[in-house]
Amino acid sequence: RHRGIGWEYVHLAIDDHSRMAFASIAPDERGTSACKALIRTVRYYRSLSVRFERVLTDNGTCYRSRRFQRLVRRLGLRHLRTRPYTPRTNGKAERLVQTSLREWAYARAYNSSEQRTGALHGWLHHYNWHRPHASLDYKPPISRIPLNNVLGLHS
């Protein structure tokens, strides 16, 4: 079913320690799309040498799907879900949602969904590498990732 121009689904991820954010845009909210988003997310954080053990999601049907559950187990992760109607359980992610809406998705009028999607990468770079975060002593999230991780250097 066609939902109209401008409808995409954004899977947002945020590292609890560093606040490094990642986003993946999907055409729907199906388990397959959630799996693809999780794989992209794992690859992104691995490129920064960030290891994670747990995934906290909301209770959307795509995250409850058997396919998503199997992938989480295969990746050796523990899947936690937020308590319904309790935004404080997932406060950092909720804050990222609000910030991304204000600073990226609705920051300006885009001529097309493709143009908005194209702006996401640049916004995420700014968010992770340049934007000061009050919770990080007004430093960007990348400041919490050891530089040798990002450059692929070993000590």
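Residues in the sequence shown are numbered consecutively from 2, following the working numbering.
All residues carry an ideal CB built from backbone N, CA and C; glycine is no exception.
Only a predicted model underlies this, so the values are computations on that prediction, with no experimental measurement involved.
Inset, instruction - Verify whether the separation of the beta carbon atoms of L57 and T83 is less than 8 Å. - result: yes
Checklist entry - Mapping DSSP to helix, strand and coil, what is A120? => result helix
Point to revise | Residue nearest to G92 in terms of C-alpha spacing, selected from A14, W8, Y10 | key: A14
So, helix, strand or coil for F23, using DSSP? strand
With a Cβ-Cβ cutoff of 8 Å, do R20 and L148 count as a contact?
no
Worksheet item: What residues in its chain sit with their C-beta under 7 Å from that of H18, if we drop five residues either side in the sequence?
Response: R145
Coarse secondary structure for R47, derived from DSSP in three states | helix
Three-state secondary structure assigned by DSSP to L76
coil
Can you list the alpha helix (DSSP H) stretches of 4 or more residues lying completely in the segment 52-107, in chain order?
62-65, 67-75, 92-101
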